[in-house]
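Notes follow the structure.
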Amino acid sequence: MTGPAVVAGVLGLGLGTLLMKAAGPVLVAGRHRTSGRLDAVGVVLPTALLSALVATDVLSAGPPEPARLAGVVVAGGLVALRAPFALVVLVGSATTAVVRLLAP
Amino acid sequence: MSTPTARDRPAARLATVAVAVGAFGLAFGSAAAAAGMPAWLVVISSVVVFAGASQFAFVAVTAVAGPAAGAVAGLLLNVRLIAFGFALAPRLGPAPVAGRLLDGYLTTDESAAIALDGPEDGTRRRLRAAGITVGLAWVLTTAVGALGGEALDVRALGLDVAFPASFLALMGTALRTPTGRRVGLVAGVVAVALTPLLPAGLPILVAGLVAVPVGLRRTGTDA
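Chains A and B, in that order, give the protein sequences. Using our numbering, the letters of the first sequence map in sequence onto residues 1 to 104. Using our numbering, the letters of the second sequence map in sequence onto residues 1001 to 1223.
Structure (structure tokens):
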């Protein structure tokens, strides 16, 4: 995965991403307040997109691998218990690692 | 995510985010190296794109459908960052254009969540502190992952789960509300159902857009 086309793809993704990230701060910051409805979209849309990412990551490639599913379920349980971010990631990963070790 | 103790100890909070991003960075760097992306390009990607999920998507889609499709998939994933930018913007206050571009560059899922959680007049300070912390952790760990990709066994360490686990953690506050759970459930089901039917990246975007009206109906602001 190398060559000018791949480099151009990375740079294009970077430029487009910066434009999307900076649109709000550059166009709006310090000028006027957005509507409550737009603020609500700003909260709902990320939740929807993140959930879609998790669901497709775990389920889209057919039946989920048991070790992977175990790690994600443990991570979800820790989130429900309000565990800190790093603990969720590290214990979730460790769970998957242990299940893979025991039942490869 | 909005517990008073976490808000009272910003340094501890930044440290936990740096560790989580670092785990994700090791996973991405080594996965990209395993997919054949040279280490220097992995590092450039982390500096220039600085949006982990889209960099992951770029590598995954480029491997099967070429870099143009990879870039489109990454951009679709990052549409959510427009929403973060507009959620942050009214709280940022006036600044020169270069400063506002910097605010945009430093906007990530993690830095936006930290910046939005707390008093309005500290939003820019929290965004920049978290953005710089996340950026340093991200670039350094993707470099380590890319260079040590051979030595580090991502699957044996379970680091591939860092990706969904970190997204679950980012959704934590929202998932504790009924609206957030409804939105999450609808988006997840729609995305999985559409995956066999649409090109990579599109099911995520469609699921996101379909779920927004679900969240805004009735109890629109409690998510």
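Built from N, CA and C at the ideal position, the CB exists for glycine as well.
With a threshold of 8 Å on Cβ separation, who are the neighbours of residue i within its own chain once the five nearest residues in sequence on each side are excluded?
| i | result |
| --- | --- |
| A/Val54 | Val72 |
| A/Gly9 | none |
| A/Leu78 | Leu87, Val88, Val91, Gly92 |
| B/Leu1198 | Val1206 |
| B/Ser1030 | Gly1145, Ala1146, Gly1148, Gly1149, Leu1152, Val1154, Leu1159 |
| B/Thr1195 | Pro1203 |
Assuming residue i contacts residue j under a Cβ cut-off of 8 Å, what Cβ separation, rounded to an integer in Å, is found between them?
| i | j | result |
| --- | --- | --- |
| B/Ala1087 | A/Val28 | That belief does not hold up - the Cβ atoms of B/Ala1087 and A/Val28 are roughly 10 Å apart, past 8 Å. |
| B/Val1047 | B/Val1139 | 6 Å |
| B/Gly1188 | A/Thr95 | Not quite, the Cβ-Cβ distance comes to about 21 Å (not below 8 Å), so this is no contact. |
| B/Ala1034 | B/Gly1149 | 6 Å |
| A/Thr56 | B/Val1192 | 6 Å |
| A/Ala52 | A/Arg100 | Contact flag wrong, Cβ pair sits at about 26 Å. |
| A/Leu45 | B/Val1212 | 6 Å |
| B/Pro1010 | A/Ala5 | Actually they do not touch by this definition, with Cβ atoms about 43 Å apart. |
Report the rounded CA-to-CA distance for residue i versus residue j, giving the unit in angstroms.
| i | j | result |
| --- | --- | --- |
| B/Gly1099 | B/Leu1106 | 11 Å |
| A/Gly16 | B/Ala1057 | 15 Å |
| B/Ile1132 | B/Leu1101 | 14 Å |
| A/Leu11 | B/Asp1103 | 20 Å |
| B/Gly1025 | B/Ala1018 | 10 Å |
| A/Pro13 | B/Pro1094 | Contrary to the premise, residue 13 of chain A reads as Leu rather than Pro in this sequence. Looking at the two C-alpha atoms, the distance is approximately 28 Å. |
| A/Ala75 | B/Asp1160 | 13 Å |
| A/Val26 | B/Thr1016 | 29 Å |
| A/Arg82 | B/Met1171 | 11 Å |
| B/Ala1012 | B/Ala1113 | 15 Å |
| B/Asp1117 | B/Leu1041 | 34 Å |
| A/Thr2 | B/Val1064 | 14 Å |
| A/Leu102 | A/Glu65 | 14 Å |
| A/Val7 | B/Val1079 | 21 Å |
| B/Ala1083 | A/Gly24 | 8 Å |
Please list, in chain order, all residues of the same chain as residue i whose beta carbon is under 7 Å from its beta carbon, the five residues on each side excluded.
| i | result |
| --- | --- |
| B/Leu1081 | Ala1051, Thr1107 |
| B/Phe1028 | Gly1052, Gln1055, Phe1056, Thr1142, Gly1145 |
| B/Ser1111 | Leu1127, Ala1130, Gly1131, Val1134 |
| B/Met1037 | Val1059 |
| B/Leu1076 | Gly1201, Leu1202, Ile1204, Leu1205 |
| B/Arg1091 | Glu1120, Thr1123 |
| B/Ala1115 | Leu1088, Thr1123, Arg1126, Leu1127, Ala1130 |
| B/Gly1085 | Gly1104, Thr1107 |
Which residues in the same chain have their Cβ closer than 6 Å to the Cβ of residue i, if we skip the five residues on either side of it in sequence?
| i | result |
| --- | --- |
| B/Val1061 | Ala1069, Gly1070, Ala1073, Ala1200 |
| B/Pro1004 | Low local confidence applies: a pLDDT of 44 at B/Pro1004 is under 50, so the model's placement there is unreliable, with the coordinate-based value given in what follows. Answer for B/Pro1004: no residue qualifies. |
| A/Ala97 | none |
| B/Ala1169 | none |
| B/Ile1023 | Before going further, note that residue 1023 of chain B is Ala rather than Ile in the sequence given. Around B/Ala1023: Ala1162. |
| B/Asp1109 | Leu1170 |
The ligand MG and residue i: does the residue's C-beta get closer than 7 Å to at least one heavy atom of that ligand?
| i | result |
| --- | --- |
| B/Leu1088 | With respect to the ligand MG, the structure shown offers nothing to examine, as it has no ligands at all. |
**OP:** May I ask you to list, following chain order, the residues of the region 1133-1165 of chain B that have a beta carbon less than 8 Å from some beta carbon of chain E?
**Re:** Considering every chain present, this structure includes no chain E. Its protein chains are A and B.
Subject >> Inside the region 1106-1189 of chain B only - alpha helix (DSSP H) runs reaching at least 4 residues >> reply: 1109-1116, 1123-1147, 1162-1170, 1172-1175
Original post:
So, do the region 1167-1182 of chain B and the region 8-22 of chain A have three or more beta carbon pairs nearer to each other than 8 Å?
Top reply: no
**OP:** Starting from the N-terminal side, write out each stretch of the alpha helix (DSSP H) that is 4 residues or longer and does not extend beyond the region 1049-1114 of chain B.
**Re:** The region 1049-1114 of chain B contains these whole alpha helix (DSSP H) runs: 1052-1065, 1067-1077, 1079-1092, 1097-1105.
Original post:
Pairing CB atoms from the region 68-87 of chain A with CB atoms from the region 1156-1166 of chain B, are three or more of them under 8 Å?
Top reply: With the cut-off at 8 Å, the region 68-87 of chain A and the region 1156-1166 of chain B touch.
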